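Visitor: Mind looking over this structure? Questions follow.
In the working numbering, the protein residues as written are 2 to 330.
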């Protein structure tokens, strides 16, 4: 994941924060882990897909309604590492947050939540960045905070997936190389991290380490915006590469191989089901980013709105409207 700028997190200034965020973290963990929540979403019947089956529709049954997945990208090289070997050094942080909505027959929607957004937890003297919540409460606390910020219904996100930098490299390694187009020449050296980034601009084939570098690089003048843009480029590139490779790629083996590289409450059948939705011909990625700064109003520009109100006033809704007659979450 990208190196973080040594700036203080910006306060989100919500008018109301969930009063018992910390107290319900354990309950959120149980809800995240409970597979029974989606018993009616995925069909549990049938035999596991044969590894030789290449047709997407033969791999798994798509969910019968939209499913939300919280992707947490860590700044550590491996899950469980005592140190992230990043800047600043310390335990692993949630350095990239993507809320994905898999819409059967619709676009794959991605809401980017800047990890620098700060929330005020009950009992804490000062706001803290979303990125630090992973170290204190794991995926459950991060998911609960994102649910509050994005004003999601109770029980969402439906699933979560935690990915380390090594997990990202493993995915790209399985694909071979990934075609991407860095927007500019990207150079950064940090001896304390043993990190040396040197990427040229323009369309090119990137190896696993180069893809990691593209995600980690940030423009010192626009650190948040540049990182979000690079996340979009990598997400588009990975989806495109998976689509191109799918006729020859054993997706069943891919999911099995990556199980040791991720932390998730998705089982194999559910992971394949979401891949079927994401890789259907014509499926487009639709990105929305949660604003980092509250909107200003009034002559002095001091009034702010809660994050949930800002979500409702985005130019385009980040969740597509349900089709008439479609099953609802």
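The beta carbon of each residue, even a glycine, is placed where N, CA and C say it ideally should be. Please read these numbers as outputs of a predicted model, since none were measured by experiment.
1. Can you name, in chain order, every residue of its own chain whose Cβ lies under 7 angstroms from the Cβ of residue 274, other than the five neighbours on each side?
2. What number of angstroms, rounded off, separates the C-alpha of residue 237 from the C-alpha of residue 83?
3. Which of the three DSSP states, helix, strand or coil, is assigned to residue 66?
4. First and last residue of the beta strand (DSSP E) that includes residue 163?
5. Under 7 angstroms Cβ to Cβ from residue 72, same chain only, skipping five residues before and after it: list those, please.
6. Is it buried or exposed, residue 217, if we count other Cβ atoms within 10 angstroms and call 16 or more buried?
7. List the DSSP bridge partners of residue 98.
8. Do residue 289 and residue 131 have their C-beta atoms within less than 7 angstroms of each other?
9. Return helix, strand or coil for residue 269, following the three-state DSSP convention.
10. Go ahead and pull the three-state DSSP assignment for residue 178.
11. Output the distance between the C-alpha atoms of residue 258 and residue 206, rounded to the nearest integer angstrom.
12. Which residues bound the beta strand (DSSP E) around residue 289?
13. Whole angstroms are fine: how far does the CA of residue 178 sit from the CA of residue 140?
14. Given a cut-off of 7 angstroms on the beta-carbon distance, is the pair residue 287 and residue 108 in contact?
15. Tell me which residues share the same chain as residue 265 and place their Cβ nearer than 6 angstroms to its Cβ, disregarding the 5 neighbours each side in the sequence.
16. Can you grab the Cα-Cα spacing for the pair residue 92 / residue 105, in whole Å?
17. Would you mind sorting residue 94 into buried or exposed? The rule is 16 or more other CB atoms within 10 Å of its CB.
18. For the pair the stretch 227-247 and the stretch 174-191, tell me if three or more CB-CB distances fall below 8 angstroms.
19. Any contact of the stretch 193-212 with the stretch 220-232, i.e. 3+ C-beta pairs under 8 angstroms?
20. Can you list, in chain order, the residues of its chain whose CB lies under 7 angstroms from that of residue 246, leaving out five sequence neighbours each side?
21. Between residue 134 and residue 143, is the Cβ-Cβ spacing less than 7 angstroms?
Guide: A quick look at the data gives this:
1. 43, 61, 62, 63, 64
2. 31 angstroms
3. coil
4. 160-164
5. 99, 101, 162, 164
6. buried
7. 73
8. no
9. helix
10. coil
11. 23 angstroms
12. 286-290
13. 30 angstroms
14. yes
15. 162
16. 37 angstroms
17. buried
18. yes
19. no
20. 176
21. yes
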